[in-house]
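Peer 1: Next up is a structure, given as structure tokens.
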Amino acid sequence: MLSRKAKQLLTVIIKILVVGGAFYFIYNRLTGEDSPDWEQFSTVLTQKKPIGLLLGILLLTFLNRFIEILKWQNLAATVRQTSLAKATEEVLAAVTVALFSPNGIGEYAAKALYYSKAQTKTIIFLNLVCNGIQLLFAVAGGITGLVILNSIYPVFTATTVLLALGVIIALAIIIFMSRNITVKGYSLGKLGEKINSLPKSVHRKNILLALLRYTVLMHQYYLLYLAFGVNLSYPLLMAAIAGTYFLGSSLPSFQFLDFAVKGSVAVYFFGLLGVNEWIVALTATLIWLLNTVLPVTIGSYYVFRFKAGTNSH
């Protein structure tokens with residue numbers, strides 16, 4: 170067993186590695202070979218923009234993360250009453266840890282550290298519910314957007330669409346048929362029962378907040394494209410945003426590479442609409458800076474002040 174001082178030293182080292190690693194990835198992204206064209210970016214910033222548009226982008230940036238905090242506070246309340254300040258700390262610290270973990274999986278472990286070991290499985294489950302409903306909206310909105318886009322710019326052939334539909338139906342059947350198969354005490358059926366065991370009021374609030382957050386995020390993209398002078402009809406631009414966001418989110422990646430994955434997908438589809446590649450790349454970078462780098466900067470403070478054993482009740 171490690172001594173108390175050894176544990177404290179190990180905790181400090183882990184904190185430094187987490188925060189240092191997060192900022193290393195951010196720095197590398199902003200200064201590396203594939204960094205954004207900052208000359209183009211400064212040119213755009215110096216152009217006069219309606220103050221309302223810029224304020225709208227900042228407001229949506231705040232709302233995007235604030236709604237996520239409200240979602241977590243709502244779900245965490247099923248374990249213990251959580252203040253808005255505490256929910257903010259847990260969410261932002263988790264975002265920092267998740268930055269360089271595959272598909273943000275570190276978020277689950279980080280939130281669990283704020284609770285007792287006996288509550289770990291429950292917290293992981295609640296975080297799954299929190300992210301799962303957000304994913305469902307991304308899938309529904311993305312498929313709708315791709316259908317609209319494909320009706321105007323046929324990217325996918327009828328055969329491809331039918332094949333994709335067949336795969337989705339096959340997966341749905343497989344999931345349904347295997348719902349009672351148990352692996353180490355876990356099954357999809359039991360997961361469904363556990364989800365249904367949550368109070369309906371919690372589900373309703375979670376769904377409403379998830380829809381609101383998805384709407385906020387899509388319009389954050391929308392206002393940024395408007396700021397860069399993209400003049401496409403609202404339905405077409407929103408369809409492209411939703412479709413590319415869905416495809417980008419479907420690809421496995423690390424969160425610090427999120428901008429690159431979504432950006433590369435967006436470049437192709439927005440290219441069909443005649444939008445310049447640099448505008449798409451800068452939009453993806455700005456979304457990453459506003460929605461990831463800014464929360465990580467604040468979250469780093471919470472990571473440093475975290476004390477194991479004093480945050481769990």
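Counting in the numbering used here, the sequence shown runs from 170 upward without gaps. For each residue, glycine too, the CB sits at the ideal point set by N, CA and C.
I need the straight-line Cα distance from Gly311 to Met387, nearest angstrom please.
Peer 2: Numbered from its first residue, the sequence shown carries residue 311 at position 142. Numbered from its first residue, the sequence shown carries residue 387 at position 218. Taking the straight line joining both Cα atoms gives about 11 Å.
Peer 1: Below 8 Å on the Cβ atoms is my contact criterion, and I expect Gly412 with Leu315 to pass it. Report the Cβ-Cβ distance as a whole number of Å.
Peer 2: Counting from 1 along the sequence shown, the entry for residue 412 is found at position 243. Counting from 1 along the sequence shown, the entry for residue 315 is found at position 146. At roughly 4 Å, the Cβ-Cβ gap stays under 8 Å, so Gly412 and Leu315 are in contact.
Peer 1: Between which two residues does the alpha helix (DSSP H) carrying Thr289 extend?
Peer 2: Translated into positions along the sequence shown, residue 289 becomes position 120. Residues 289-321.
Peer 1: What residue from Pro219, Phe235, Leu268 has the CA that sits closest to Trp457's CA?
Peer 2: Mapped onto the sequence shown, residue 457 falls at position 288. If we check each option's Cα against that of Trp457, Leu268 comes out closest.
Peer 1: From Lys363 to Ile302, what distance separates their C-alpha atoms?
Peer 2: The sequence position of residue 363 within the sequence shown is 194, counting from 1. The sequence position of residue 302 within the sequence shown is 133, counting from 1. Answer to the nearest angstrom: the Cα atoms are 15 Å apart.
Peer 1: Rounded to a whole number of angstroms, what is the C-alpha to C-alpha distance between Tyr277 and Ile293?
Peer 2: Counting from one through the sequence shown, the residue named residue 277 turns up at place 108. Counting from one through the sequence shown, the residue named residue 293 turns up at place 124. For Tyr277 and Ile293, the distance between alpha carbons rounds to 6 Å.
Peer 1: Does the Cβ of Gln250 have 16 or more other Cβ atoms within 10 Å, making it buried, or fewer, making it exposed?
Peer 2: Position 81 of the sequence shown, counting from 1, holds the residue named residue 250. That one is exposed.
Peer 1: For the alpha helix (DSSP H) containing Val260, name the first residue and the last one.
Peer 2: Along the sequence shown, read from residue 1 onward, the residue named residue 260 stands at position 91. Unbroken alpha helix (DSSP H) run through Val260: 253-267.
Peer 1: Which residue's Cα is closest to the Cα of Val472: Val266, Cys299, Asn243, Trp241?
Peer 2: For the purposes of this step, residue 472 is taken as residue 303 along the sequence shown, with counting starting at 1. The candidate whose alpha carbon is nearest that of Val472 is Val266.
Peer 1: Determine the burial state of Lys286: buried for a count of at least 16 other Cβ atoms within 10 Å of its Cβ, exposed for fewer.
Peer 2: Indexing the sequence shown from 1 puts residue 286 at position 117. Classification of Lys286: exposed, given that the 10 Å Cβ count is below 16.
Peer 1: Among Leu393, Ala435, Lys240, which one has its Cα closest to the Cα of Ala409?
Peer 2: Here residue 409 refers to the residue found at position 240 when the sequence shown is read from its first residue. Among Leu393, Ala435, Lys240, the Cα nearest to that of Ala409 belongs to Ala435.
Peer 1: Could you tell me the distance, in whole angstroms, from the CA atom of Leu331 to the CA atom of Ala309?
Peer 2: The sequence position of residue 331 within the sequence shown is 162, counting from 1. The sequence position of residue 309 within the sequence shown is 140, counting from 1. Approximately 17 Å, taken between the alpha carbons.
Peer 1: So, at 6 Å on beta carbons, what are the nonlocal neighbours of Ile238 in its own chain, with the 5 sequence-adjacent residues on each side left out?
Peer 2: Along the sequence shown, one-based indexing puts residue 238 at 69. Result list for Ile238: Ala256, Thr257, Val260, in chain order.
Peer 1: Phe231: buried (16+ other C-beta within 10 angstroms of its C-beta) or exposed?
Peer 2: Residue 231 sits at position 62 when you count from the first residue of the sequence shown. Flag for Phe231 reads exposed.
Peer 1: What would DSSP say about Asn375, mapped onto helix, strand or coil?
Peer 2: For the purposes of this step, residue 375 is taken as residue 206 along the sequence shown, with counting starting at 1. In this structure, Asn375 counts as helix in the three-state DSSP scheme.
Peer 1: Assuming Tyr383 contacts Thr452 (C-beta within less than 8 Å), just tell me the rounded distance between them.
Peer 2: Locating residue 383 in the sequence shown gives position 214, counting from the first residue. Locating residue 452 in the sequence shown gives position 283, counting from the first residue. Tyr383 to Thr452, Cβ: 18 Å. No contact.
Peer 1: Output the distance between the C-alpha atoms of Val465 and Arg234, rounded to the nearest integer angstrom.
Peer 2: As a first step, residue 465 must be located in the sequence shown, where it is residue number 296. As a first step, residue 234 must be located in the sequence shown, where it is residue number 65. Cα to Cα, the separation comes out at about 11 Å.
Peer 1: Taking the continuous alpha helix (DSSP H) assigned at Lys280, which residues delimit it?
Peer 2: Position 111 of the sequence shown, counting from 1, holds the residue named residue 280. 275-281 is the extent of the alpha helix (DSSP H) around Lys280.
Peer 1: Which whole-angstrom value is the C-beta distance of Phe415 and Ala307, which I expect to be below 8 Å?
Peer 2: Your numbering for residue 415 matches position 246 in the sequence shown. Your numbering for residue 307 matches position 138 in the sequence shown. Contact flag correct, Cβ pair sits at about 5 Å.
Peer 1: Would you report the Cα separation of Thr247 and Leu378, rounded to the nearest angstrom?
Peer 2: Within the sequence shown, residue 247 is the residue found at index 78, counting from 1. Within the sequence shown, residue 378 is the residue found at index 209, counting from 1. Rounded to whole angstroms, Thr247 to Leu378 spans 17 Å at the Cα level.
Peer 1: What is the DSSP secondary structure of Phe415, counted as helix, strand or coil?
Peer 2: Your numbering for residue 415 matches position 246 in the sequence shown. Phe415: helix per DSSP, three-state reduction.
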